[in-house]
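Right, one structure below, let's go through it.
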Amino acid sequence: GSKSKSERNSRKGHKMREIGKSIGNTNFDGLIADVSPEISVKAGTLKKGTAEVSYKRGTLFASSSKGGLVIFGTAAGDGETLTPFGVLADDVTVGKTEDETTAFYARGAFRASKLTVKSGYTLGASDIAAFANIGVKII
């Protein structure tokens with residue numbers, strides 16, 4: 064073409080700045096604490112309830128032996144066993160008419176200060192160990 068080498072390089076630089084802008088807009092919320100163990104994601108289904116409920120990214124969930132997922136710290140019912148499931152990857156709202164399938168972190172390292180459990184519940188050492196057993200490291 065008719066463009067000089069410096070004009071072509073200047074255009075390349077402009078494209079790189081645009082890419083940098085896109086990357087720069089990513090919000091860092093501090094939930095993920097380390098690259099090890101490597102993050103992996105799985106799907107989970109939150110059951111519809113009698114009222115609409117919203118959960119924040121970073122909420123810990125347990126799976127129930129009676130089916131479905133519950134926010135971690137929920138008391139197990141009669142004959143029910145609750146086991147750690149994962150960390151909610153995105154904010155989600157579960158309505159009254161349909162179950163909501165969403166993404167959960169199945170493995171990774173997470174900051175305890177950024178995690179949410181059931182109101183009134185405090186995450187203890189045995190809980191942290193139970194999550195570590197499934198690959199969710201709480202720091």
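Heads up: the sequence shown begins at 64 in the numbering used here, then just goes up one per residue.
Here a beta-carbon is modelled for each residue, glycine too, at the ideal position from N, C-alpha and C.
This structure is a prediction, so every number in the text was calculated from the model and none was measured.
For Asp97, there is no enclosing alpha helix (DSSP H); the residue is part of the beta strand (DSSP E) that begins and ends at 95–97.
In the DSSP annotation of this structure, the continuous segment of the alpha helix (DSSP H) that includes Phe194 starts and ends at 188–196.
In the displayed model, Ser176 falls within a helix according to three-state DSSP. In this structure, the CA atom of Ser103 is about 27 Å from the CA atom of Ser182.
In the DSSP annotation of this structure, Gly121 is not part of any beta strand (DSSP E), being labelled neither H nor E. Annotated three-state conformation of Phe135 is coil, per DSSP.
When only Cα atoms are considered, Glu143 and Ala125 end up about 12 Å apart.
Secondary structure note for Ser103: its beta strand (DSSP E) is the uninterrupted segment 103–109.
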